[in-house]
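Undergrad: What follows is a structure written as structure tokens; I'll ask about it next.
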Ligand code: NAD
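Laid out in structure tokens, this is it:
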């Protein structure tokens, strides 16, 4: 099927600028869902790539040059949207891949955005708060002509916070000479941030898991759940699921994991971690390694920390029947194949962790209307959109007989392609 389609169309997904993981998924999906490669060509590279190198004076009085990127992958369905990360290992290929995934994520939850991502090559630990403020403002000066509420809307990502967004917004508004809160999301609520954003990714993931369990008619109270990662996403997910009476038997951080087959008291685990810095010495469970957590005899495994956590070296040892991908790309394509062969279901990242960008969209809507919703209103809207997105993906996966990942990629790609077609950017099929 793939070979035949290659022969029919000169553009091959293997030439794409998207990363190997996405490209492997794309290739498979193109084949499974019979999307012509020619239609895909518009999605094989970003629409706009901005590379900046700019000087900032440090506290020492010396000037240093910083390198940053902003990739606007797609504008087909609306202004592009995506975070800005600060990390020493930021590289353009990774930013392109993340911008591509953002495009799919926005399409899956059906919000009127394209996808983008930004990155600054910097180890933020090496700089003072004042220096980080000057660097954040200088980055915005460089890209200010290319962002805005109707153009491209940044947000926080790895190592950037609501404070970073506050500095960036203030700089943008100073340049433009007017208020423009819809230019940046993930702001403090005092500057127009949305209620509920702190835990929206986790709440979205919890809703998706709950809907899956309903569809499969599983007994919720009997399920054993292990969560890798106890940061923003992992902690709030554990907290919400526990509040909903699910049994969390294991959680982990970068140092190790804690396991109790009868269920953990998440509040006590959190208090212990806040007090001690890690899970060692926690009385209500056994201290185990991160690797052991992934291989526990559980029903649901939730990677909520890092990419490439489940790889070909450990995919055979996973005992869970369902993996809910809360981190971005936590399963390598090779491991994905192995899990599929072993009939382990996967709820893909572009669906499972899309609650965050959804509430970012709500923030932008509130900013542009200048009318603000309370936490209950935000969460009710989140619930409605996440249930709809889950239903779309689940039903397509059943109808097409493909994995939920393929179904999610297929829906997202089709929605973007449909928008591009209406704009006249793709040749009509004869
Ligand atoms: P975070 O930095 O707050 O937390 C990361 C957690 O992972 C920490 O508890 C850390 O100790 C733990 N960790 C690191 N290495 C580990 C290892 N080897 N084993 C076990 N745990 C380890 O980050 P976050 O905001 O919670 O994001 C987690 C993941 O979710 C990332 O992949 C991120 O891209 C993705 N994500 C986050 C959001 C969001 O709204 N925060 C939205 C979409 C996707």
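In my numbering, the protein residues as written are 1069 to 1498. Where is the CB? At the ideal position from N, CA and C, for every residue including glycine. Bear in mind that the values here come from a model prediction, so they are computed numbers and not experimental data.
Less than 8 Å between the CB atoms is what I'm expecting for residue 1512 and residue 1167, so what's the real figure, rounded?
TA: Summary: the structure shown does not reach residue 1512, with the chain confined to residues 1069 through 1498, and so no result is reported for it.
Undergrad: Can you give me the C-alpha to C-alpha distance between residue 1299 and residue 1321, rounded to a whole angstrom?
TA: The alpha-carbon atoms of residue 1299 and residue 1321 are separated by roughly 8 Å.
Undergrad: Could you give the DSSP three-state label for residue 1158: helix, strand or coil?
TA: It is coil, neither helix nor strand.
Undergrad: Quick check on the contact list: which residues have their beta carbon closer than 6 Å to a heavy atom of the ligand NAD?
TA: The answer, residue by residue, is 1269, 1296, 1297, 1298, 1299, 1300, 1301, 1302, 1320, 1321, 1322, 1358, 1372, 1373, 1374, 1394, 1395, 1396, 1421 and 1424.
Undergrad: From residue 1082 to residue 1170, what does the alpha carbon distance come to, in whole angstroms?
TA: Summary for residue 1082: the model assigns pLDDT 42, below 50, so the residue's position carries little reliability; its value from the coordinates is reported in the next sentence. C-alpha separation (whole angstroms): 20 Å.
Undergrad: Which class does residue 1469 belong to by DSSP, given the choice of helix, strand or coil?
TA: In the structure shown, residue 1469 sits in coil (DSSP, three-state: anything other than H, G, I, E or B).
Undergrad: Compare the beta carbon distance of residue 1433 and residue 1264 with 7 Å and say whether it is the shorter of the two.
TA: Going by C-beta atoms, residue 1433 is not nearer than 7 Å to residue 1264.
Undergrad: Who does residue 1188 pair with in a DSSP beta bridge?
TA: Its beta-bridge partners are 1136 and 1154.
Undergrad: Is it true that the region 1217-1234 meets the region 1186-1205, where meeting means three or more beta-carbon pairs spaced less than 8 Å apart?
TA: Judged by Cβ distances under 8 Å, the region 1217-1234 makes contact with the region 1186-1205, as three or more pairs qualify.
Undergrad: Near residue 1117, what residues of its chain come up, given a Cβ to Cβ distance below 6 Å and the 5 sequence neighbours on each side ignored?
TA: Closer than 6 Å at Cβ, skipping near neighbours: 1139.
Undergrad: Under the rule that 16 or more other beta-carbon atoms within 10 Å means buried, what is residue 1181, buried or exposed?
TA: Answer is buried; the Cβ neighbour count reaches 16.
Undergrad: Give me the residue from 1381, 1375 and 1475 with the minimum Cα distance to residue 1413.
TA: The shortest C-alpha separation from residue 1413 is found at 1475.
Undergrad: From the DSSP secondary-structure annotation, give me the bridge partner or partners of residue 1183.
TA: Its beta-bridge partners are 1142 and 1149.
Undergrad: Measure the CB-CB distance between residue 1114 and residue 1141 and report whether it falls below 7 Å.
TA: Taking 7 Å as the Cβ cut-off, residue 1114 and residue 1141 qualify as a contacting pair.
Undergrad: Tell me the DSSP bridge mates of residue 1315?
TA: Paired residues: 1292.
Undergrad: Are the Cβ atoms of residue 1379 and residue 1110 separated by less than 7 Å?
TA: Result no, Cβ atoms of residue 1379 and residue 1110 do not sit closer than 7 Å.
Undergrad: Considering just the uninterrupted stretch of the beta strand (DSSP E) at residue 1220, what are its terminal residues?
TA: Element bounds for residue 1220: 1220-1224.
Undergrad: Let's test the definition: count the other Cβ atoms within 10 Å of the Cβ of residue 1461 and tell me whether it reaches 16, buried, or not, exposed.
TA: It counts as buried.
Undergrad: Report the option in 1296, 1277 and 1337 whose CA atom is closest to the CA atom of residue 1422.
TA: Considering only alpha carbons, the answer is 1277.
Undergrad: Does any heavy atom of the ligand FMN sit closer than 6 Å to the C-beta of residue 1254?
TA: Absent from the structure shown: the ligand FMN. Ligands present: the ligand NAD.
Undergrad: At which residues does the alpha helix (DSSP H) containing residue 1419 begin and terminate?
TA: Residues 1417-1420.
Undergrad: Rounding to the nearest angstrom, what Cα-Cα distance links residue 1377 and residue 1391 in this structure?
TA: Those two C-alpha atoms are separated by around 12 Å.
Undergrad: Should residue 1072 go down as buried or exposed, given a rule of 16 or more other Cβ atoms within 10 Å for buried?
TA: Here the model assigns residue 1072 a pLDDT of 29, short of 50, so the residue's position is not dependable, and the following value carries that caveat. Flag for residue 1072 reads exposed.
Undergrad: Decide if residue 1069 is buried, meaning its Cβ has at least 16 other Cβ atoms within 10 Å, or exposed.
TA: Residue placement at residue 1069 cannot be trusted, given a pLDDT of 25 that sits under 50; what the coordinates show is reported in the next sentence. Per the 10 Å Cβ criterion, exposed.
Undergrad: For residue 1450 and residue 1302, which I take to be in contact (beta-carbon distance under 8 Å), what is that distance rounded to the nearest angstrom?
TA: The Cβ separation is near 19 Å, so there is no contact.
Undergrad: Given this structure, state the Cα-to-Cα distance separating residue 1312 from residue 1323, to the nearest angstrom.
TA: Between residue 1312 and residue 1323, the C-alpha separation is close to 28 Å.
Undergrad: Give me, in chain order, the residues of the same chain whose beta-carbon lies closer than 7 Å to that of residue 1076; leave out the 5 immediate sequence neighbours on both sides.
TA: With a pLDDT of 30 at residue 1076, under the threshold of 50, the predicted position of this residue should be treated as unreliable, and no value is reported.
Undergrad: Evaluate residue 1204 with the Cβ neighbour count: other Cβ atoms within 10 Å of its Cβ, from every protein chain shown; 16 or more gives buried, anything less gives exposed.
TA: Burial call: buried.
Undergrad: Roughly how many angstroms lie between the CA atoms of residue 1472 and residue 1262, to the nearest whole one?
TA: Approximately 30 Å, taken between the alpha carbons.
Undergrad: Tell me which residues share the same chain as residue 1158 and place their Cβ nearer than 6 Å to its Cβ, disregarding the 5 neighbours each side in the sequence.
TA: Contacts found: 1187 and 1189.
Undergrad: Measuring CB atoms only, is the region 1383-1399 touching the region 1351-1367, in the sense that at least three cross pairs come out at less than 8 Å?
TA: With the cut-off at 8 Å, the region 1383-1399 and the region 1351-1367 touch.
Undergrad: Note the first and the last residue of the continuous beta strand (DSSP E) segment covering residue 1355.
TA: Here the beta strand (DSSP E) through residue 1355 covers 1354-1356.
Undergrad: Measure the C-alpha to C-alpha separation of residue 1242 and residue 1453 and round it to an integer number of angstroms.
TA: Taking the straight line from one Cα to the other gives about 35 Å.
Undergrad: Do the CB positions of residue 1028 and residue 1294 come within less than 7 Å of each other?
TA: Residue 1028 falls outside the range modelled here, since the chain spans only 1069 to 1498, and no answer is possible.
Undergrad: Taking the DSSP output, what are the residues bridged to residue 1327?
TA: 1318 and 1354.
Undergrad: Kindly say whether residue 1359, judged by its beta-carbon, lies nearer than 7 Å to any beta-carbon of chain C.
TA: Although the question refers to chain C, the structure presented lacks it and comprises just one protein chain.
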